[in-house]
Amino acid sequence: MTFGNLLKLEVGKVFKNIYMYILLLLAMVFGSGIIISINLYNGPFDSKNVIGVYATLSLLFLIIICVKNVLIDFHYKTYYFYFTTAKKRIHYFFVRLIMNGIVAVLFAGGGAILLIINQIVNHQIFELENIFLLIAEYAIFTTFFTCIFLFVTLFYRNVINLLILFMAIYLILPSMFGILLRIPNLPAWVEKGIKIIPFYSVPTYVPTVDLSILQIVTVLLFILLMSFYIVYKIPKVDY
Numbered sequence: 008m009t010f011g012n013l014l015k016l017e018v019g020k021v022f023k024n025i026y027m028y029i030l031l032l033l034a035m036v037f038g039s040g041i042i043i044s045i046n047l048y049n050g051p052f053d054s055k056n057v058i059g060v061y062a063t064l065s066l067l068f069l070i071i072i073c074v075k076n077v078l079i080d081f082h083y084k085t086y087y088f089y090f091t092t093a094k095k096r097i098h099y100f101f102v103r104l105i106m107n108g109i110v111a112v113l114f115a116g117g118g119a120i121l122l123i124i125n126q127i128v129n130h131q132i133f134e135l136e137n138i139f140l141l142i143a144e145y146a147i148f149t150t151f152f153t154c155i156f157l158f159v160t161l162f163y164r165n166v167i168n169l170l171i172l173f174m175a176i177y178l179i180l181p182s183m184f185g186i187l188l189r190i191p192n193l194p195a196w197v198e199k200g201i202k203i204i205p206f207y208s209v210p211t212y213v214p215t216v217d218l219s220i221l222q223i224v225t226v227l228l229f230i231l232l233m234s235f236y237i238v239y240k241i242p243k244v245d246y
């Protein structure tokens with residue numbers, strides 16, 4: 008199967024997944040609650056709060072979809088069909104990145120719709136730049152975690168344990184870094200260092216679209232290094 012055929016097949020699965028649309032709708036309904044609150048009580052929230060509340064569910068659902076797209080072939084052992092040659096294994100990696108990136112854009116689109124609705128209902132103006140940042144940071148979010156998940160599967164492939172580990176990476180690890188940041192008299196250089204660690208910065212700042220330039224550059228470099236390693240390693244792994 009060529010790269011184009013594999014991409015077409017997997018992207019088709021993305022758009023045909025009814026559960027993805029249900030999750031997207033649930034996240035939008037949840038996010039719309041803050042829009043209603045602003046309208047009823049005349050504040051004090053703004054468009055950033057709308058995106059933040061929406062992200063509470065949307066990013067969690069994105070993680071679930073990313074995990075599913077990574078682990079499903081290991082669960083059903085269908086990866087044997089894709090891993091027949093070194094080239095096809097590399098194709099598989101990039102297709103997974105693109106698949107999850109498309110899902111990220113769809114969920115970012117849900118956030119953009121909420122911003123538009125909020126502007127219409129509550130007259131809170133947002134910049135077009137906010138939409139581009141929302142799409143970019145959601146794409147960074149899914150690319151980062153997809154690379155992490157695929158990296159781990161190079162060494163360990165028990166699906167249930169991986170599911171637990173992946174959710175812990177998203178839900179627990181950032182909280183552990185947050186606890187470190189609350190240590191009294193923490194040196195400034197340590198605090199700055201923790202805040203640019205992708206395992207902390209991505210799940211912490213993407214929900215409010217607040218990644219700094221330094222954090223974005225750090226995450227992109229991390230993704231690039233991870234991608235190089237996966238491309239190098241995946242043809243050599245004995246599955």
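Heads up: the sequence shown begins at 8 in the numbering used here, then just goes up one per residue. For each residue, glycine too, the CB sits at the ideal point set by N, CA and C. Being a predicted model, the structure only gives us computed values, none of them experimental.
Residue i vs residue j beta-carbon contact at 8 Å
i	j	result
V244	I97	no
G117	A34	yes
L31	F114	yes
D53	Q126	no
V209	V226	yes
L180	I201	no
L78	L14	no
L122	P214	no
For residue j and residue i, believed in contact at Cβ under 8 Å, the rounded distance
i	j	result
V60	F37	7 Å
Y177	F152	7 Å
G108	A62	Their Cβ separation, rounded to whole angstroms, is 17 Å, which puts G108 and A62 out of contact at 8 Å.
V57	N137	About 11 Å separates the two Cβ atoms, so there is no contact after all.
I230	T150	6 Å
M8	V110	That belief does not hold up - the Cβ atoms of M8 and V110 are roughly 22 Å apart, past 8 Å.
Exposure of residue i, with buried meaning 16 or more beta-carbon neighbours within 10 Å
i	result
S182	exposed
N49	exposed
V102	buried
F68	buried
P205	buried
F247	For residue 247 there is no data in the structure shown, the boundaries of the chain being 8 and 246.
Y246	exposed
F22	exposed
T211	buried
Minimum Cβ-Cβ distance from residue i to chain B less than 8 Å
i	result
I105	Structure shown: chain B not included; a single protein chain is present.
message: Could you tell me which whole alpha helix (DSSP H) segments of length 4 or greater appear in the segment 132–214?
response: 135–160, 166–178, 180–188, 195–203, 205–212
Alpha helix (DSSP H) runs contained entirely in the segment 16–88, provided each spans 4 or more residues: 25–48, 54–83
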